[in-house]
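Visitor: Here the sequence shown stands for residues 4 to 125, where the numbers follow our numbering.
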Amino acid sequence: MLLDARIIVLPVNNLVRARTWYTSVLRFAPERIEPRSVVFNGGGYELHLNLDPRARRRRTQAPLIYWRVNDLETALRRFIQTGAAPQSPDDETRKLGHSATVVDPFGNVIGLVQENHDRIAL
């Protein structure tokens, strides 16, 4: 049985820009910085940003991973203010429940789900 996701790997085409952006949105520094990857560790989860020069141009089927948040509106606003683009419209987000998706500046889709609403209607 799967309990929680522990490691999320995202391809990025500019590691310095990605590290700066994710440090800003997460509000904490990476745990490790290597020549081809950056690793953030928060709340028992690891976020790996791996350098891939083709990342923005490639159209791959990547898993959609939802991050639990205490307040969806605050988290959504924070992601958008730091450069993410909303993927699900605000009205749709409010009608369908307590989840939303955004696209980071590197083309990765990030899901957000309110802490007390673990079940997502897909």
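Where a beta carbon is used, it is the ideal one built from N, C-alpha and C, also for glycine.
If you're wondering where the values come from, they're calculated on a predicted model, not measured in any experiment.
For I10, which residues of its own chain have a beta-carbon under 7 Å away from its beta-carbon, when the five flanking residues on both sides are left out?
Guide: E49 and H51
Visitor: Grouping DSSP H, G and I as helix and E and B as strand, with all else coil, what is F82?
Guide: In this structure, F82 counts as helix in the three-state DSSP scheme.
Visitor: From which residue to which residue does the alpha helix (DSSP H) around R20 run?
Guide: Judged by DSSP secondary structure, R20 falls within the alpha helix (DSSP H) whose first and last residues are L18 to L29.
Visitor: Apart from the five residues just before and just after V28, which ones in its own chain have a Cβ nearer than 7 Å to its Cβ?
Guide: R81, F82 and T85
Visitor: So, at 8 Å on beta carbons, what are the nonlocal neighbours of N53 in its own chain, with the 5 sequence-adjacent residues on each side left out?
Guide: V12, L13, P14, V15, R39 and S40
Visitor: Excluding sequence positions up to five away, which residues of its chain have a Cβ less than 6 Å from the Cβ of S91?
Guide: A103 and T104
Visitor: Beta strand (DSSP E) containing G114: first to last residue?
Guide: V112 to Q117
Visitor: Whole angstroms are fine: how far does the CA of L115 sit from the CA of A87?
Guide: 12 Å
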